[in-house]
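The structure under discussion appears below in the form of structure tokens.
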Amino acid sequence: MSEFGHKRIHSPAAFKASSKTTSRSASRGPGSDDQDHDGLLSDINFGNLDEIISLRLNTLLNDDDNNSSSAKDGSKDTVRLKLNSIPEIIKTLQKSRNEVSSNDRELLLNQLYNLIIRKPTLDSDYDDYEYEQDLLNLLKVFQSAKSNELVLADRAITAFIISNIDEAGAVYSEDKSMNILSLLEKKIADTNIPTSSRQYLIYSYTSLALVIYDESSGYGVDEMFEFLLETLLGLAADIGENISLITALVYGLGALLTVLVEHSNLNELIENMVDSTVDLLTDCDYLEVTKPMAMLFGLAYEIYNYDDELGETLDDDFDPLDDALPFTNTYQLTTRLEELIKSSSKKLSKKDKKEGRSLFRDVLTTINFYSDKEARLNKLSSKKLNVEDDYASQDELVLSHIKLSKSRSLAVKSWFAFFRLIQLKWVFGSGIHTQLANNSRLSKIIRDKPTGDYANKFKSNNEEDEEPEYWTDSRQNKLTHKKKDLAIDHRRMEKLHISLDQTGVLGDDEGA
């Protein structure tokens, strides 16, 4: 079984970095407990991945020290001298396994990841051509990764792409060999890969799709959404054995839904998802599943297109019970959420109870608000809500904060933004603050909100964030638009190529 299995680790192992490596970056990441997050985000730790990796790397380094004390090995020193250079690490990873052992590859991949997430831009390391070449080289490293290397290579290439998304997006769009999404899809479906690794492949798959297809019409993303939904439903028969996969799939479904807000079949996709997965909330007692499922339903109610019209008024004899809500499960969901809020299971710690109740209460607030036509119309017309306090509190709902610096922080006030932030937290871990504060392309991904638009629910709590440069509309970026169009064309051709290959239309040479 992979070293990244379900181990219960109570304290992170110390990571002995080389003299040119910052120990802080080696011990913090997607799975670490970060004081710079609060609210719901701090409760998402991706299976304590970084604690597991830290323990694994500490073991490798101890083994390396023991070997070095009994035999001189110049190659180890040569590798370590290049640990501060992203291009040099990628170059070293391309060497044969006789030259660079599997253990050294794990150490190098982890160091590569830590260098990437600490850099607000890769411009100082690359010009466009060099970046393209190293991206393709890193893809080969990922394709050939074995055992414990897979997760490390996975998150390294994901961060490498997303931190420089405009250039990477152009490569993805124009080069058929850059088939990262199809490759991840195959690995996610491969049951021979341990569950403990597949869950992280899902996060990479959905985070890449989010950033590549952001602000597009969602063409092709609906098929990716259906793939994840089918995978989720296939695991639902044995929830206890598949909790980590289910959690990753639910967060992924939410992320893809945020990309599909402009899709013509958005409502149909949401209705089908809610109907087919409602049992994972109403009939499930695993808090690790009910919490993300509740958030997913909160998002569904938030971004659904209710076709409310500006200026529309309700008749005096309007009965809320006659409102043709698209969801037939509203009463079932709200009843279950109320049960979970009141839950006093002795199996849960006080901390888990408190966090769970807060989350379920937030979701209940969202569902109550969006299932009330009068509340929606009042919000739509920017009038002061003249409804129950429970609905009015939707305006004050703050799901999480994330610090960008000592004086700057962002408040996440919509499920739309929250699901996107989860994906970026997976990609950059503790480096997310550096990326959001310095990479305007990524900060705009989270600032985006439903266009439907009852809510302007993502805002900064510091006036300096109002600077024009920080708030520049990404729709003005022509390169980004070109990249998205090319990405969609690339996805179409990729699927066509696979289909022709499977049916035998392509010859051996063409299908190779």
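Residues 40 to 551 in my numbering are what the sequence shown spells out, letter by letter. Beta carbons are placed, not taken as given, at the ideal position from N, Cα and C, and that holds for glycine. Nothing here was measured: the structure is a model prediction, and the numbers come from that model.
DSSP links Val260 through a beta bridge to no other residue. Looking at the backbone, the Cα of Arg400 and that of Lys381 are separated by about 10 angstroms. Under the DSSP assignment, Ala209 falls in the alpha helix (DSSP H) whose first and last residues are Ile204 to Glu213.
In the pairwise beta carbon analysis, the region 243–250 is classified as touching the region 282–297: at least three pairs are separated by under 8 angstroms. Residue state for Val139 is assigned as coil, using DSSP reduced to three classes. When the Cα atoms are used, Val328 and Asn137 turn out to be separated by approximately 44 angstroms.
In the DSSP assignment, Ala450 falls within the unbroken beta strand (DSSP E) covering Ser448 to Val451. The DSSP-derived three-state label of Lys158 is coil.
Shown here for Gln371: same chain residues with a beta carbon closer than 7 angstroms to its own, the five before and five after excluded, namely Val317 and Thr321 in chain order.
Burial state of Ala192 is buried, judged by a 10 Å Cβ sphere holding 16 or more other Cβ atoms. Nearest neighbour of Asp143 by Cα position, chosen from Tyr258, Lys185 and Glu254, turns out to be Lys185. DSSP lists no beta-bridge partner residue for His302. Contact between the region 211–218 and the region 157–170 is absent, with fewer than three C-beta pairs closer than 8 angstroms. Check the Cα spacing between Arg375 and each of Val466, Gln462, Lys418 and Lys330: the tightest is with Lys330.
A residue is called buried when at least 16 other Cβ atoms come within 10 angstroms of its Cβ; Ala276 does not meet this threshold and is exposed. Taking C-beta separations shorter than 6 angstroms and ignoring five residues to either side along the sequence, the partners of Leu154 in its chain run Ile125, following chain order. If you check the CB distance, Arg459 and Leu249 come in under 8 angstroms. Between Thr373 and Ile342, the C-beta spacing is not below 8 angstroms. Per DSSP, Ile196 is one residue of the alpha helix (DSSP H) stretching across Glu188 to Ile201.
The region 279–287 and the region 228–238 touch, with no fewer than 3 CB-CB distances between them shorter than 8 angstroms. With at least 16 other beta carbons inside 10 angstroms of its own, Leu398 counts as buried. Where Lys442 is concerned, the enclosing beta strand (DSSP E) starts and stops at Ser439 to Lys442. Under a 10 Å Cβ-count criterion, Asn187 is classified as buried, with 16 or more other Cβ atoms of the shown protein chains found around its own Cβ. Annotated three-state conformation of Phe181 is helix, per DSSP. The Cβ neighbour count for Gly208, taken over all protein chains shown within 10 Å, is at least 16; the residue is labelled buried.
Across the structure, Leu161 and Ser479 are spaced so that their CA atoms are roughly 14 angstroms apart.
Excluding its 5 nearest sequence neighbours in each direction, Leu274 has C-beta neighbours in its own chain below 7 angstroms: Asn281, Leu284 and Ile285, listed in chain order.
The beta carbons of Leu178 and Ile201 sit no closer together than 8 angstroms. Taking 4 residues as the minimum length, the alpha helix (DSSP H) runs contained wholly in the region 314–351 are 318–321 and 326–342, in order along the chain. In the displayed model, Leu146 falls within a helix according to three-state DSSP. Counting the other CB atoms within 10 Å of its CB gives Asn477 a total below 16, which places it among the exposed residues. Within its own chain, the residues whose Cβ lies closer than 7 angstroms to the Cβ of Leu335, once the five positions on either side in sequence are excluded, are Val289, Leu292 and Gly293, listed in chain order. In the three-state scheme derived from DSSP, where H, G and I count as helix and E and B as strand, Leu122 is classed as coil. In the displayed model, Glu307 falls within a helix according to three-state DSSP. Thr404 and Phe457 have their C-alpha atoms spaced approximately 16 angstroms apart. Rounded to the nearest whole angstrom, the CA to CA distance from Gly257 to Glu301 is 7 angstroms.
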